[in-house]
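Written below as structure tokens is the structure these notes are about.
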Amino acid sequence: MDNILLRKINESDFEEWFSLVACLWPDVLKGEMKTEFGQALTDNDKDIYLSIYGDKYVGFINLSTRKDYVEGSESSPVGYIEGIYVKEDYREKGVASKLVDKAILFCKERGYKELGSDTELSNVLSQKFHESIGFKKAEIIVHYIKEL
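Everything in the sequence shown is counted per the numbering used here, starting at 114 for the first residue and increasing by one.
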């Protein structure tokens, strides 16, 4: 899709961005996302890009810098895709790949050598996407919690 505009967020984008975020993470709290959104506007270690088709917001990518260990990485800091989402009608049209290109630029501008990401084990579609654009599986981790 050549008509897709990719751009960094601005202050007026919160509601549109949040509606996309809620599709990816239905249980997310709006207040938490307002904080993250504000940080992306002011913190050089974070960015959010939107994909817009005409007047429709169709996807986003949330980026951060991770300075602690990132599974499979050999360097630090590492750019990290905290979330990526494209509306179903716009999938398999190159939108997500273009968003990842923005992530790569985010990393290169900061001198990072690696870009990390993750997905749920059950999200086979996301795994296939990551592998199709050159990501390699680093580790599979099972997290546990014990209620006290």
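Every residue gets a Cβ at the ideal spot worked out from N, C-alpha and C, and that includes glycine.
Because the structure is a prediction, the values reported are computed rather than measured.
| Query | Result |
| --- | --- |
| Delimiting residues of the beta strand (DSSP E) encompassing residue 173 | 169–179 |
| Environment of residue 243 [buried if 16+ CB atoms lie within 10 Å] | buried |
| Collapsed DSSP secondary structure at residue 217 in the structure displayed | helix |
| Through-space distance from residue 260 to residue 132, alpha-carbon basis | 32 Å |
| Whole-angstrom C-beta distance between residue 158 and residue 177, which should lie under 8 Å | 6 Å |
| Element boundaries [alpha helix (DSSP H), containing residue 121] | It is not in any alpha helix (DSSP H) - residue 121 instead sits in the beta strand (DSSP E) that spans 117–121. |
| 6 Å Cβ shell around residue 200 - same chain, five flanking residues per side excluded | 171 |
| Cβ-Cβ distance between residue 122 and residue 142 below 8 Å | no |
| Distance between residue 254 and residue 151 (C-alpha atoms, nearest Å) | 31 Å |
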